[in-house]
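Visitor:
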Amino acid sequence: MTATREDRTGELLELVLERNPLQRARLAGRDEVPLLEKGELVLDQRRHPPFGTNLTYPLDSYTQLHQTSGTTGPPLRVLDTADDWAWWRRLFADTLAVAGVRPDDRVALAFSFGPHVQFWAAKEGLLELGAMAIPLGGMTSVQRLQTIAEVEATSLMCTPTYALRLFEVAVENRLEAALESIERVICTGEPGASLAAVRSRIEECFGARCLDHAGLTEVGPFGYPCPEGGGMHVYDEEFDCEFLDPEARPVPEGERGELVLTPLRRTGFPVLRYRTGDVVVNSGERCPAGHDDRWLPGGIVGRTDDMVVIRGMNVYPSAIEEAVRQVSGPGEFRITFYSEPSGMDEIKLEVELSDGAAGRRLQDLMRQQLGLRVRVVPVAPGILPRQEGKARRVVDERASRWSET
Ligand SMILES: [Zn+2]
2 MTATREDRTG ELLELVLERN PLQRARLAGR DEVPLLEKGE LVLDQRRHPP
52 FGTNLTYPLD SYTQLHQTSG TTGPPLRVLD TADDWAWWRR LFADTLAVAG
102 VRPDDRVALA FSFGPHVQFW AAKEGLLELG AMAIPLGGMT SVQRLQTIAE
152 VEATSLMCTP TYALRLFEVA VENRLEAALE SIERVICTGE PGASLAAVRS
202 RIEECFGARC LDHAGLTEVG PFGYPCPEGG GMHVYDEEFD CEFLDPEARP
252 VPEGERGELV LTPLRRTGFP VLRYRTGDVV VNSGERCPAG HDDRWLPGGI
302 VGRTDDMVVI RGMNVYPSAI EEAVRQVSGP GEFRITFYSE PSGMDEIKLE
352 VELSDGAAGR RLQDLMRQQL GLRVRVVPVA PGILPRQEGK ARRVVDERAS
402 RWSET
């Protein structure tokens with residue numbers, strides 16, 4: 002007999018109440034588990050360096066240390082026991098298998114060899130599957146292209162931004178042929194690959210399938226691609242899922258909300274009701290292929306910390322990117338939110354475009370699809386900063402930003 006999810010949630014609660022100092026302190030005297038934010042874990046670690054008190058087992062039980070990338074605040078150290086790391090490995094292997102990776106595949110990992118979990122978890126998952134991992138850390142893009150060509154890599158794992166950048170470098174250096182062996186591009190790390198226009202741009206450039214998956218150092222690899230229906234699935238057996246609005250109320254079906262997760266089997270550094278910051282659609286529907294696991298149509302559609310309110314509208318830079326990719330090539334762009342002297346907030350979009358007409362098309366597209374008035378400024382190729390890892394393409398210069406908090 003398999004344990005139900007309620008059983009597992011109950012077991013997890015019992016375990017952490019008995020053994021985990023941070024969780025015991027958080028849960029004491031409460032009927033409901035409170036939401037957990039990254040900031041709370043960071044603060045705990047600052048008070049109790051170097052690992053904090055969110056530890057269910059003695060320190061010598063832990064074998065893996067990873068660090069969040071720190072793009073939205075100070076980095077957080079996250080520890081895994083051997084059992085928890087085996088869980089990562091199993092889920093990652095599942096994700097890669099769903100994405101089509103087989104034991105005879107050669108998978109190029111365009112990540113740095115750093116403390117972030119992505120590279121290491123991908124490598125473990127490939128080992129579990131029996132596929133070949135090809136590390137591309139510490140290389141220039143040209144060296145990466147040469148390596149891919151020489152070993153005839155069949156798959157590439159990277160951020161969607163980097164996939165487009167690598168293609169651009171290939172074109173600049175007349176190395177497009179280096180990418181011929183690539184059959185699939187497996188993306189993660191930013192919403193890009195879930196956006197239909199970004200995905201089809203990558204597929205067009207590489208002549209390969211583009212698939213998306215999602216994970217966070219704090220919660221684990223929770224989302225795997227649905228190759229038939231598009232979007233992503235959440236491992237229902239492994240994670241308890243909620244969809245909340247900014248006031249922590251459940252959002253109705255069909256609407257966007259923040260994904261809140263409880264990994265049920267990762268117990269060493271547990272997070273209960275963790276606010277992922279990932280914005281998804283609470284669909285409530287089965288995927289078109291009829292798979293059992295919960296379906297996120299469109300995958301991760303944004304980040305809560307990316308959302309900007311402009312003239313009363315919620316604006317996600319990922320939605321602007323979607324429009325950009327429909328019109329422009331793989332070129333760079335930069336979004337600037339700024340205030341007019343009148344106090345009105347405005348959006349400027351600098352973008353590398355092939356011709357002037359494309360700028361007008363883009364402006365129209367954003368007005369129709371997003372209801373946004375955006376000032377489009379075409380720029381010559383090569384002027385905007387190139388993006389390599391997680392993209393930073395948003396500049397916020399609004400006056401109100403400084404008085405809000
Ligand atoms: Zn599906």
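So the sequence shown is residues 2 to 406, counted in the numbering used here. Beta carbons are placed, not taken as given, at the ideal position from N, Cα and C, and that holds for glycine. Nothing here was measured: the structure is a model prediction, and the numbers come from that model.
#1: Relative to the C-alpha of residue 273, which residue among 284, 257, 239, 301 is closest?
#2: With a threshold of 6 Å on Cβ separation, who are the neighbours of residue 403 within its own chain once the five nearest residues in sequence on each side are excluded?
#3: Per DSSP, what kind of secondary structure is residue 351 in: helix, strand or coil?
#4: What residue range is occupied by the uninterrupted alpha helix (DSSP H) comprising residue 164?
#5: Excluding five sequence neighbours on each side, which residues of the same chain lie with their C-beta closer than 8 Å to the C-beta of residue 20?
#6: Using the DSSP secondary-structure output, state which residues sit across from residue 155 in a beta bridge.
#7: Would you grab the beta carbon distance between residue 284 and residue 298 for me? Rounded to a whole angstrom, and I think it's under 8 Å.
#8: On the three-state DSSP scale, how would you describe residue 243?
#9: Would the C-beta of residue 291 count as close to ligand 1, meaning under 8 Å from any of its heavy atoms?
#10: Can you grab the Cα-Cα spacing for the pair residue 184 / residue 300, in whole Å?
#11: Quick check: the Cα distance between residue 24 and residue 207, rounded to an integer number of angstroms?
#12: For residue 304, which residues does DSSP report across the bridge?
#13: Let me know the secondary structure DSSP gives residue 254 once reduced to three states.
#14: Candidates 87, 325, 303: which alpha carbon is nearest residue 316's?
#15: Could you spell out the range, first to last residue, of the alpha helix (DSSP H) harbouring residue 11?
#16: Using the beta-carbon count (16 or more within 10 Å), is residue 55 buried or exposed?
#17: Between which two residues does the alpha helix (DSSP H) harbouring residue 384 extend?
#18: With H, G and I counted as helix, E and B as strand and the rest as coil, what does DSSP make of residue 345?
#19: Between residue 234 and ligand 1, is the CB less than 8 Å from at least one heavy atom?
#20: Could you have a look at residue 92 and say whether DSSP puts it in helix, strand or coil?
#21: Considering only the beta carbon of each residue, do residue 351 and residue 374 sit closer than 9 Å?
#22: Return the chain-ordered list of same chain residues with a C-beta closer than 8 Å to the C-beta of residue 405, the five sequence neighbours on each side being excluded.
#23: Would you mind working out which of 369, 368, 360 sits nearest residue 381, comparing C-alpha positions?
#24: With distance defined between alpha-carbon atoms, name the residue in 166, 219, 354 nearest to residue 85.
#25: Any heavy atom of ligand 1 closer than 8 Å to the beta-carbon of residue 286?
#26: Quick one: does the C-beta of residue 296 sit closer than 8 Å to a heavy atom of ligand 1?
#27: For residue 333, name the three-state secondary structure that DSSP assigns.
#28: For the candidate residues 229, 305, 165, 267, whose alpha-carbon lies nearest to that of residue 81?
#29: Taking just the CA atoms, how far does residue 16 sit from residue 202?
#30: Strictly by DSSP, which residues pair up with residue 314?
#31: Just to confirm, is the Cβ distance from residue 279 to residue 259 under 9 Å?
Guide: Short version:
#1: 239
#2: Reliability of the predicted coordinates at residue 403 is poor, the pLDDT of 41 falling under 50, and the value obtained from them is presented with this limitation in mind. So no residue of the chain qualifies.
#3: Here residue 351 sits in strand by DSSP.
#4: 161-173
#5: 57, 58
#6: DSSP links residue 155 through a beta bridge to no other residue.
#7: Yes, they are in contact, since the Cβ atoms of residue 284 and residue 298 sit about 5 Å apart, within 8 Å.
#8: strand
#9: Yes, the Cβ of residue 291 comes within 8 Å of a heavy atom of ligand 1.
#10: 21 Å
#11: If I take the Cα positions, the gap works out to 46 Å.
#12: 279
#13: coil
#14: 303
#15: 6-20
#16: buried
#17: From DSSP, residue 384 is part of no alpha helix (DSSP H); its letter is neither H nor E.
#18: Residue 345 falls in the coil class under three-state DSSP.
#19: yes
#20: helix
#21: no
#22: In this predicted model, residue 405 has a pLDDT of only 30, less than 50, meaning its place in the structure is not dependable; the value taken from the coordinates is given anyway. If we look at residue 405 and ignore the five residues flanking it on each side, it has no Cβ neighbours.
#23: Comparing Cα positions, the closest option is 360.
#24: 219
#25: For residue 286, the shortest C-beta to heavy atom distance toward ligand 1 is 8 Å or greater.
#26: Residue 296: yes, Cβ under 8 Å from ligand 1.
#27: coil
#28: 267
#29: Taking the straight line joining both Cα atoms gives about 47 Å.
#30: 311
#31: In contact: residue 279 and residue 259 (Cβ atoms closer than 9 Å).
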